[in-house]
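Numbering (the working numbering), first residue to last: 5 to 247. Backbone N, C-alpha and C fix where the C-beta goes; we use that ideal spot for every residue, glycine too. As the structure is a computational prediction, the values presented were derived from the model and not from experiment. The structure appears right after this line, and notes come after that.
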Ligand code: CA
């Protein structure tokens, strides 16, 4: 199943797969949603209670969270509230799953800042459509082949980067780092988070390696002139932003 899903991946070429966190305690539903997200090209991790969800999010920031309402330890609605109260997760796309169809609950769900919600039972086709819609709205960069921020253009299908119209030649790792940063402009990523996103969590690479590749990326981008778009945040990590 996962081999097929990889084949269906998003154009390959070193693009990192988007990362979805599924927070659900019903095993049958977990398998169904996991399978469908995998087919959609997502890396999927599962948390079976609210506490685990918050820990996993701290470890590696997902691109989207599918969050069940009724969960052991910390309820989904409280998880959502906490995510919205922290700068790092304030804009994290969240789709709530609920078995409660009462309108008041729906409204509360939206009050907590969920981007969308699904009332159980729902079809997988519907869930996938909602996920696509939320991602298009919130993170257009993930869905697009060509992303433009400031004076930088990343063309994923052609695997090209332009700055001020000048082609920038990047190694595959530098390309993946830039592609990851450009999907989340302004967000600070720790070296560990970049390692997970660019190299994968099952590969052992020293965090210092990240600095080396960031250095190469900076140097390559500087060849086309303009300000350094990569910000080093002391003891926190790196982000991409333009003033
Ligand atoms: Ca539940």
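Reduced DSSP secondary structure (H/G/I, E/B, other) of residue 201: Within the chain shown, numbered from 1, the residue matching residue 201 stands at position 197. Helix, per DSSP.
Whether residue 27 touches residue 57 by CB criterion (8 Å): For the purposes of this step, residue 27 is taken as residue 23 along the chain shown, with counting starting at 1. For the purposes of this step, residue 57 is taken as residue 53 along the chain shown, with counting starting at 1. Yes.
Residues that DSSP places opposite residue 47 in a beta bridge: Sequence index remark: in the chain shown, residue 47 carries index 43 (1-based). The partner list for residue 47 (beta bridge, DSSP) reads 23.
Exposure of residue 217, with buried meaning 16 or more beta-carbon neighbours within 10 Å: Taking the first residue of the chain shown as position 1, residue 217 is located at position 213. Result: buried.
Whether residue 70 touches residue 101 by CB criterion (8 Å): The sequence position of residue 70 within the chain shown is 66, counting from 1. The sequence position of residue 101 within the chain shown is 97, counting from 1. It is a contact, given that the beta carbons lie within the stated cut-off.
Boundaries (first-last residue) of the beta strand (DSSP E) holding residue 235: Sequence index remark: in the chain shown, residue 235 carries index 231 (1-based). Where residue 235 is concerned, the enclosing beta strand (DSSP E) stretches over 234 to 237.
Inter-residue spacing [alpha-carbon to alpha-carbon] between residue 68 and residue 50: In the chain shown, residue 68 corresponds to position 64, counting from 1. In the chain shown, residue 50 corresponds to position 46, counting from 1. One C-alpha to the other measures close to 12 Å.
Enclosing alpha helix (DSSP H) for residue 55 [first to last residue]: As a working note, residue 55 is residue 51 in the chain shown. Element bounds for residue 55: 54 to 63.
Residue burial classification, residue 54 (beta-carbon count within 10 angstroms, cutoff 16): For the purposes of this step, residue 54 is taken as residue 50 along the chain shown, with counting starting at 1. Flag for residue 54 reads buried.
Helix, strand or coil at residue 129 [DSSP, three-state]: The sequence position of residue 129 within the chain shown is 125, counting from 1. Residue 129: helix per DSSP, three-state reduction.
Supposed close pair residue 198, residue 188 - CB separation, criterion 8 Å: Indexing the chain shown from 1 puts residue 198 at position 194. Indexing the chain shown from 1 puts residue 188 at position 184. Actually they are not in contact, since the Cβ atoms of residue 198 and residue 188 sit about 11 Å apart, beyond 8 Å.
Nearest-angstrom beta carbon gap, residue 224 and residue 166 [assumed within contact, 8 Å]: Position 162 of the chain shown, counting from 1, holds the residue named residue 166. Position 220 of the chain shown, counting from 1, holds the residue named residue 224. In fact, because the Cβ distance is near 12 Å, the residues do not count as touching under 8 Å.
Pairwise C-alpha distance: residue 172 and residue 164: Your numbering for residue 164 matches position 160 in the chain shown. Your numbering for residue 172 matches position 168 in the chain shown. Taking the straight line joining both Cα atoms gives about 7 Å.
Three-state class that DSSP yields for residue 183 in the structure shown: By 1-based counting over the chain shown, the position of residue 183 is 179. It is helical.
Other residues of its chain near residue 153: CB distance less than 6 Å, five sequence neighbours each side excluded: Here residue 153 refers to the residue found at position 149 when the chain shown is read from its first residue. Result list for residue 153: 186 and 189, in chain order.
Simplified DSSP state of residue 100, which is helix, strand or coil: Residue 100 sits at position 96 when you count from the first residue of the chain shown. Correct three-state label for residue 100: strand.
Cβ-heavy atom distance, residue 75 to ligand 1, below 7 Å: Taking the first residue of the chain shown as position 1, residue 75 is located at position 71. Yes, ligand 1 has a heavy atom inside 7 Å of this Cβ.
Residue(s) in a DSSP beta bridge with residue 172: The residue labelled residue 172 in the question sits at position 168 within the chain shown. Partner(s): 165.
CA-to-CA distance, residue 222 to residue 52, given in whole angstroms: The residue given as residue 52 occupies position 48 in the chain shown. The residue given as residue 222 occupies position 218 in the chain shown. Cα-Cα distance, rounded: 40 Å.
Residue 133 to residue 32 span [Cα, whole Å]: Residue 133 sits at position 129 when you count from the first residue of the chain shown. Residue 32 sits at position 28 when you count from the first residue of the chain shown. Each residue's Cα considered, the two are about 20 Å apart.
Buried/exposed call for residue 22, threshold 16 Cβ in 10 Å: The residue given as residue 22 occupies position 18 in the chain shown. Residue 22 is buried by the Cβ-count criterion.
Reduced DSSP category for residue 122 - H, G, I as helix; E, B as strand; rest coil: Reading the chain shown from its first residue, position 118 is the one you call residue 122. In the structure shown, residue 122 sits in a strand (DSSP, three-state: E or B).
Residue burial classification, residue 178 (beta-carbon count within 10 angstroms, cutoff 16): As a first step, residue 178 must be located in the chain shown, where it is residue number 174. Buried is the call here.
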